[in-house]
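Reading through the structure tokens given below for one structure.
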Amino acid sequence: MSRAKIRVGMIGLGSMGRPLAGRLLQSGFEVVAFDVDAPAVAELVQRGALPGSSPMDVASRTEIVLACLPSPEVSERVALGADGIVQGTCVRQYVEMSTIGVDSMQRIESALAKRSIALLDAPVSGGRIGAANGRLTCFVAGPRAHFDTASPALRGLCDRLFHIGERPGQAQVLKLANNMLNAANLCLAVEMILMARKAGIDEATAVEVINVSTGRSRATEETFKTQILTGAFDTGGKLAIAHKDVVLAVEQARKLGVEHSVAHAACGLWQAAAEAGHGGEDLSRIYQFVAALNDRDSGP
């Protein structure tokens, strides 16, 4: 069967889901799309997609459905609700690409299995720009046969595709580890660059030096250079999403009984920023939040 005749469902057309759906269209797939944001669906329809009226509708018109959603609660509602994937009459495979943690993934797997719907745990890393360019890393956990079936669609989205285990939930653990590393590195970079600034060192110079030294990270090489120093603050990721991910990571570390004191400290900073009302802002604005803390603490 030619790729052009393969129909794929896409649920969730946010900052990641919309470019993912666009990549599927560019790769020659027929896409049935749904989101609660009707304008997002309409924009994709203009590019050639077919509109879905609900997750159940999408799952009744396609054998494979992909989802990229913002929270465990939304993912469970989309998969298991009264008009959810579980009610679909056609779907045979559900690919959950969201970062939702192990517990939610396993609840979804258990309910779908009762309807003979296979689940792949397949979160992605690379952000909005990577999604638009097809330059994502995809961590996939689930039976190898199901991975092989979904691979054509996933390879249309990702240039790095890894089958890391047979059990849904395993990919969530690795994705949470990755996201915690990214979030904690950004916290440390922000604190240390602000320390350099406090000592009278130009921030751009500090970043340049660190980026050719052992302390460099994605936070200094990308986030600082392209978002913070430029004043853009537009990574495409919300601070609330970063906070959600680090909370899930700390919870998972606790459940597995592993040391996580550094992760816990980083989580506390993201939680403080979210509780201060910054959840709807770009995650790179954690810099401004920490800078304000410093100004407050050093005030008269």
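Quick note on numbering: the sequence shown equals residues 4 to 303 in my numbering.
Idealized CB from N, CA, C, for every residue including glycine.
Everything numeric in this text was worked out from a predicted model, so none of it was measured.
Reference residue i; option with closest CA among the options
i    : options                : result
T65  : V98, R80, A85          : V98
A245 : E76, E284, A45         : E284
A144 : A114, I132, P155, A121 : A121
E112 : A199, E79, A202        : E79
G31  : I9, Q90, S107          : I9
E278 : Y290, A243, G239       : A243
I231 : A294, P73, A202        : A294
I132 : K247, N214, T229       : T229
L69  : A114, M13, G91         : M13
S74  : K258, I289, P126, S216 : P126
A207 : A187, I196, F236       : I196
L189 : G280, T102, G168, Q291 : Q291
M198 : A235, N214, N297       : N297
T102 : E225, V34, R200, V176  : V176
A85  : A114, C71, L72         : A114
Q90  : S57, E76, V11          : S57
I289 : H263, D237, K258       : D237
M100 : L83, A174, A148        : A174
Neighbour-count burial assignment, residue i, 16 or more Cβ in a 10 Å radius
i    : result
S287 : buried
N136 : exposed
A7   : Confidence in A7 is poor, its pLDDT being 49 and thus under 50, which makes the residue's placement unreliable; the coordinate value appears in the next sentence. So A7 counts as exposed.
K241 : buried
R299 : exposed
A116 : exposed
V210 : buried
M4   : With a pLDDT of only 38 at M4, under 50, the local geometry of the prediction cannot be trusted, and the value read off the model is given with reservation. M4 comes out exposed.
P22  : buried
K178 : buried
G129 : buried
A59  : Note that residue 59 corresponds to Met in the displayed sequence, not to Ala. It is buried - the Cβ of M59 has at least 16 other Cβ atoms within 10 Å.
S107 : buried
V105 : buried
K247 : buried
D276 : In the sequence as presented, Asp is not what sits at residue 276; that position holds Ala. The residue is buried, with at least 16 neighbouring Cβ atoms inside 10 Å.
G239 : buried
V215 : exposed
Proximal residues to residue i (C-beta, below 8 Å), its chain only, five neighbours per side dropped
i    : result
C93  : A62, S63, R64, T65, E66
E257 : For the record, residue 257 in the displayed sequence is Arg; it is not Glu. Taken in chain order, the residues that qualify are H263.
V11  : L27, F32, E33, V34, V35, T65, I67, V68, L69, A156
P146 : A121, E169
R200 : E206, A209
Cβ-based neighbour list, residue i, same chain, cut-off 6 Å, excluding 5 preceding and 5 following
i    : result
I204 : none
L109 : Sequence check: residue 109 is Gln here, not Leu. The residues are G172.
P303 : Because the pLDDT of P303 is 48, which lies under 50, any placement of that residue in the model is unreliable, and the number read from its coordinates should be weighed accordingly. There are no such residues.
G260 : none
L157 : C141, L164
A134 : M19, P22, L23
Sequence-distant residues of its chain with Cβ nearer than 7 Å to residue i (five each side left out)
i    : result
R170 : A144
L16  : A24, A36, D38, D40, A43, V44, L47
G159 : R26, L27, S30, F32
A192 : S220, A222, T223, F227
P54  : A36, V44, V48
A187 : V265, A266, A269
E194 : V293
R118 : V89
H281 : L242, R288, F292
8 Å Cβ cutoff, residue i in contact with chain B
i    : result
A135 : Given the protein chain composition of this structure (a single chain), no chain B is represented.
Can at least three beta-carbon pairs, one atom from the segment 41-60 and one from the segment 258-274, be found at a separation below 8 Å? no
Would you be able to state if there are at least three C-beta pairs under 8 Å between the segment 153-165 and the segment 123-140? yes
Which runs of the alpha helix (DSSP H) fall wholly inside the segment 60-113 and span at least 4 residues, in chain order? 75-83
The segment 177-187 / the segment 248-257 touching (three or more Cβ pairs under 8 Å): yes
Are at least three pairs of beta-carbons, each pair with one atom in the segment 212-223 and one in the segment 147-162, less than 8 Å apart? no
Runs of beta strand (DSSP E) lying entirely within the segment 205-239, each at least 3 residues, in chain order: none
Which full runs of the alpha helix (DSSP H) of 4+ residues lie inside the segment 145-174, going along the chain? 147-158
Of all the alpha helix (DSSP H) runs that stay within the bounds of the segment 248-300, which reach a length of 4 or more residues? 264-276, 289-300
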